[in-house]
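Residue numbering for the sequence shown follows full-length UniProt numbering, beginning at 1 and increasing consecutively.
Worksheet: one structure, shown below.
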Amino acid sequence: MAYDINLATRIRERLSELPNIEEKAMMGGLTFMYNDKMCVGIIKDELMCRIDPAFHEAAVEKPGCRTMDFTNRPMIGYVLIEQDVLKTKAEFDYWIELSLAFNSKAKSSKKKKK
């Protein structure tokens, strides 16, 4: 699993005060689940954020942000942010807050039956 350890540390520190945070290895990176829902994560050296799909088009117009695209399938509501635009605490917090704000409205993924 190859992901940026420093970015993982920043995310852990930012989410440390919240209850119900769980880390999971997922999508070749690391995902942070909040209340059993995917919230933020890391894919290689980019921050992955789950945001309100209604805000998706505006988000991808921001510098360093693009639609997450797995297997040539764009995923509306999921964006990747380059670390170059996450240098300040305010820039980093903007994306984390956007993901946390959507989390209460996000649907939980269905758990697989064992």
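Each residue gets a CB set at the ideal place from its N, CA and C atoms; glycine is no exception.
Predicted model only: the values in this text are computed from it and were never measured.
Identify, in the order they occur along the chain, each residue of the same chain with its Cβ nearer than 7 Å to the Cβ of ALA59, setting aside the five sequence neighbours on each side. ILE51, CYS65, VAL79
Between LEU7, ASN35, MET33, ASP84, which lies nearest to PRO63 when the distance is taken from Cα to Cα? ASP84
With a cut-off of 8 Å, do at least 3 Cβ pairs link the segment 67-74 to the segment 91-103? no
Nearest CA to the CA of SER104: which residue from TYR34, GLU46, ALA25, VAL40? TYR34
On the CB-based measure, 16 or more other CB atoms within 10 Å of its CB, does LEU18 come out buried or exposed? exposed
Helix, strand or coil: which one does DSSP assign to ALA2? coil
Exposed or buried, TYR9, counting other C-beta atoms within 10 Å across all chains shown (16 or more means buried)? Residue identity differs from the one stated: residue 9 is Thr in this sequence, not Tyr. THR9 is exposed by the Cβ-count criterion.
Less than 8 Å between the C-beta atoms of LEU98 and CYS49, yes or no? yes
What is the rounded straight-line gap between the Cα of SER108 and the Cα of THR88? 31 Å
Local conformation of THR71 per DSSP, three classes: coil
Give the straight-line distance between the Cα atoms of ALA54 and GLU61, rounded to the nearest whole angstrom. 13 Å
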